[in-house]
Amino acid sequence: MRKKATTIWALLLCISCFFCGCGQNEENVQQGQKQDYSTSNETEEQETESYVKPEMKGEITISCFYEEEFLTAAAEQFMKLYPEVTVTINAYDGTSESGSVEDYQTYLNTKIMTGKAEDIIFNSFLPVTKYSEMGAFEDLSRYISLTPELNDENYFMNVLQSAKEESGKIYLIPYMAKYDVIGFSEELLSENPEVEKNIQSASFSERMDIAKALIQNTGKSNAYLIQLNELSYADYLIEDAFHEFVDVENKKVNINSAAYINLIKEVKELSESNAFGSNIDFYNTEYYYAATCDYDVQAAFYELDTQAGMAYSMPLADKEGNVAINANACLALNSASDNKDLAWEFIKYLLSEEVQSQPSVHGLAVNRKGFEAAVKRYYNYYTDSGNSTVDQEEYRELLENWMEQINDCDTVDTDIWTLIEEENVKFFQGDQTAQDTASILQRKIEQYFNE
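Under mature numbering (1 follows the signal peptide of the UniProt record, and there is no 0), read the sequence shown as residues -25 to -1, 1 to 426, first letter to last.
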């Protein structure tokens, strides 16, 4: 079994080279893959400018939906290092005005419009594109280029700059990398050697085509597609080809189309045929899922664990091969802040080895030393039972390989996703037709762009 795991690992390396955009070749550029993370787009002024550390004195304010342990600890330690600096964390959750995510957006939007927003804003389900276009967020590319310690030796710069726009501007900077991984059932693959030979894509729709082939060719009665509900499954398919339906940059919408209508119809048909196994008795039934969607650190461990039954796991990409991280593990700098340089000093501290190595950072750190610490923590957590066959170095190498593939950040406004899900739910519940769903979404998203 170890030999098989090693073979899978070797194949993953080969496949990942294809998707991570190795080599700045013309073909990948023509396909629109985001892969240049250098600062070659700096202006001449930026190239000659040097960063002068501000006087470490004053107050830094931070806005977040809910307060995280690592942030609180970092603020306390930063104030110990710089006694004349006060770091104030304003967490919306738990305040007298606390409410839903939508309420938080309204609350923060009011503060931004009135010039009362905090210096640093943690992106918790915020309409990033809208705020960037409003000029609410500072372009961080200048700060990054003027910070010499932010380099490939110390950081996963591809992750750190994954939100870079075509213009070179960066409005979000991640402090962790969170991404989805799709893998296949080793048991079902063993029945379909021909299918196994053709596994070479990481996009959701193409991986689901492979999963469907596994279901069709198995002799097992309790085999299902993937453990997702119809709404989540539809979300992944839409995200896979999002730019075909919504062009955020040019504010164009093409949802009222045969492609979208057929997409949600297919999802409903899959649900009605019990492809998602929603009625499984997990405790008393032997069952198989052709594909599994999992989060990064757990997926990597199960991929290497010979007892887990997973194979060919890799980070989820879109149809263009771009691997995106979750934008909710990012932060922004308020462009109207009077303390931008001081706030940047705290952002640098959040990205430092000292903070990123802490156990309270619940994810893969963008700092390489912090990443190593996270790998050890998660490896120890998953091997706590003592029954694992996973080698720690193989686990580290697989996660590092996946981290190097990241070249995008999912910054699509959550408001758009809210509209999509609200109307899709009505269709899946039988309250409106697929045609009506597409038509309503077309109108609502166009209206959103024109607001």
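Glycine included, each C-beta is placed from N, C-alpha and C at the ideal position. Predicted, not measured: the structure shown is a model, and the values here were computed from it.
Exercise. Kindly indicate the opening and closing residues of the beta strand (DSSP E) around G33.
Key: For G33, the enclosing beta strand (DSSP E) starts and ends at G33 to C39.
request  = Assuming E59 and M31 form a contact by the criterion Cβ under 8 Å, report the distance between their Cβ atoms to the nearest whole angstrom.
outcome  = Contact between E59 and M31 holds, with the beta-carbon distance rounding to 6 Å and staying under 8 Å.
Should N192 be labelled buried (16 or more other beta-carbon atoms within 10 Å of its own) or exposed? N192 comes out exposed.
- [ ] Consult DSSP for T104 and reduce its assignment to one of helix, strand or coil.
- [x] T104: helix per DSSP, three-state reduction.
**Asked** For the alpha helix (DSSP H) that contains I415, what are its first and last residues?
**Response** Counting along the chain, the alpha helix (DSSP H) containing I415 begins and ends at A409 to N425.
**Asked** Would you say the stretch 143 to 153 touches the stretch 47 to 64, given that touching needs at least three Cβ pairs under 8 Å?
**Response** With a cut-off of 8 Å on Cβ pairs, the stretch 143 to 153 is not in contact with the stretch 47 to 64, counting fewer than three such pairs.
Original post:
Mind checking Y41: buried by the 16 CB within 10 Å criterion, or exposed?
Top reply: Around the C-beta of Y41, fewer than 16 other C-beta atoms lie within 10 Å, and the residue is accordingly described as exposed.
Quiz prompt | Unbroken stretches of the alpha helix (DSSP H), 4 residues or longer, contained in the stretch 342 to 408 | solution = With a minimum length of 4 residues, the continuous alpha helix (DSSP H) runs that stay inside the stretch 342 to 408 are 343 to 357, 367 to 380 and 389 to 403.
| V387 classed as buried or exposed, judged by whether at least 16 other C-beta atoms fall within 10 angstroms | By the C-beta density criterion, V387 is buried, having at least 16 other C-beta atoms within 10 angstroms.
Open item on the list: Per the DSSP calculation, L339 is bridged to which residue(s)?
Closed with: Beta-bridge pairing links L339 to A152.
*Between the CA atoms of N425 and E329 - distance to the nearest angstrom*: Taking the straight line from one Cα to the other gives about 45 Å.
Given 8 Å as the limit, is there contact between the stretch 391 to 402 and the stretch 197 to 209, that is, 3 or more CB pairs closer than that? By the C-beta criterion, the stretch 391 to 402 is judged to be in contact with the stretch 197 to 209, since at least 3 inter-stretch pairs fall below 8 Å.
Alpha-carbon spacing of E421 relative to H218, whole angstroms = Rounded to whole angstroms, E421 and H218 show a C-alpha spacing of 15 Å.
Next item on the list: State the CB to CB distance for the pair Y154 and I300, rounded to an integer number of angstroms; the pair is presumed to be in contact (CB under 8 Å).
Entry: Your pair Y154 and I300 checks out as a contact, with CB atoms roughly 5 Å apart and the cut at 8 Å.
- prompt: From Y324 to C384, what distance separates their C-alpha atoms?
  reply: Just so you know, the alpha carbons of Y324 and C384 end up roughly 22 Å apart.
Which first and last residues belong to the beta strand (DSSP E) in which I300 is found? Segment A299 to N301, the beta strand (DSSP E) holding I300.
>> I want to know whether the stretch 403 to 411 touches the stretch 234 to 242 - three or more CB-CB distances under 8 Å.
In response: At 8 Å Cβ cutoff, the stretches touch.
- Task: Report yes if the C-beta distance between A286 and E375 is below 8 Å; otherwise report no.
- Result: In this structure, the beta-carbon distance from A286 to E375 does not fall below 8 Å.
Cutoff 7 Å; reference F45; Cβ partners in own chain excluding five residues on either side: Closer than 7 Å at Cβ, skipping near neighbours: V330, Q333, S335 and V336.
State the Cα-Cα distance for the pair E24 and L135, rounded to the nearest angstrom. So the alpha carbons of these two residues sit roughly 21 Å apart.
Pairs of beta-carbons, one from the stretch 353 to 360 and one from the stretch 102 to 114, closer than 8 Å: are there three or more? Not touching, per the Cβ criterion.
For G158, does the count of other Cβ atoms within 10 angstroms reach 16, so buried, or fall short, so exposed?
Under this definition G158 is a buried residue.
Going by the DSSP bridge assignment, what does I96 pair with across the sheet? DSSP lists S38 and A307 as partners of I96.
Item checked: Touch test, the stretch 163 to 175 against the stretch 183 to 190, Cβ-Cβ under 8 Å, three pairs minimum -> Touching, yes, given that three or more Cβ pairs across the two stretches are closer than 8 Å.
request  = Could you tell me whether the Cβ atoms of Y150 and L326 are closer together than 8 Å?
outcome  = It is a contact, given that the beta carbons lie within the stated cut-off.
With 16 other CB atoms within 10 Å as the buried threshold, where does D215 fall? Buried: at least 16 other Cβ atoms inside 10 Å.
| request: Let me know the secondary structure DSSP gives L200 once reduced to three states. | output: L200 carries a strand assignment under DSSP once its states are collapsed to helix, strand and coil.
For this session: Report, in whole angstroms, the separation of the C-beta atoms of L317 and I119, which I expect to be a contact under 8 Å.
Result: By a beta-carbon distance limit of 8 Å, L317 does not contact I119. Their separation comes to about 17 Å.
Who are the near neighbours of residue 430 in its chain, counting only those whose CB is closer than 6 Å to its CB and skipping five residues on each side? Because the chain in this structure spans residues -25 to 426, residue 430 falls outside the shown range and cannot be described.
**Study point:** CA-to-CA distance, Y57 to T63, given in whole angstroms
**Key:** Cα atoms of T63 and Y57: separation of roughly 14 Å, rounded to the nearest angstrom.
Might you give, ordered along the chain, the residues of its own chain that have their beta carbon closer than 6 Å to the beta carbon of V76, omitting 5 neighbours on each side? Around V76: F100.
### Which listed residue (A311, D271, G361 and N362) has its alpha carbon closest to that of Q380
Considering only alpha carbons, the answer is D271.
For S176, which residues in the same chain have their Cβ closer than 7 Å to its Cβ, ignoring the five residues on either side in sequence? Within its own chain, the residues whose Cβ lies closer than 7 Å to the Cβ of S176, once the five positions on either side in sequence are excluded, are R182, listed in chain order.
Below 6 Å CB to CB, which residues in the same chain sit around I37 once its five sequence neighbours on both sides are set aside? The beta carbon of I37 is closer than 6 Å to those of I64, E93 and I95 in its chain, skipping five residues each way along the sequence.
* Per DSSP, the bridge partner or partners of M88 -> Bridge partners of M88: none, in fact.
Next item on the list: Using DSSP bridges, identify the partner residues of Y264.
Entry: Y199.
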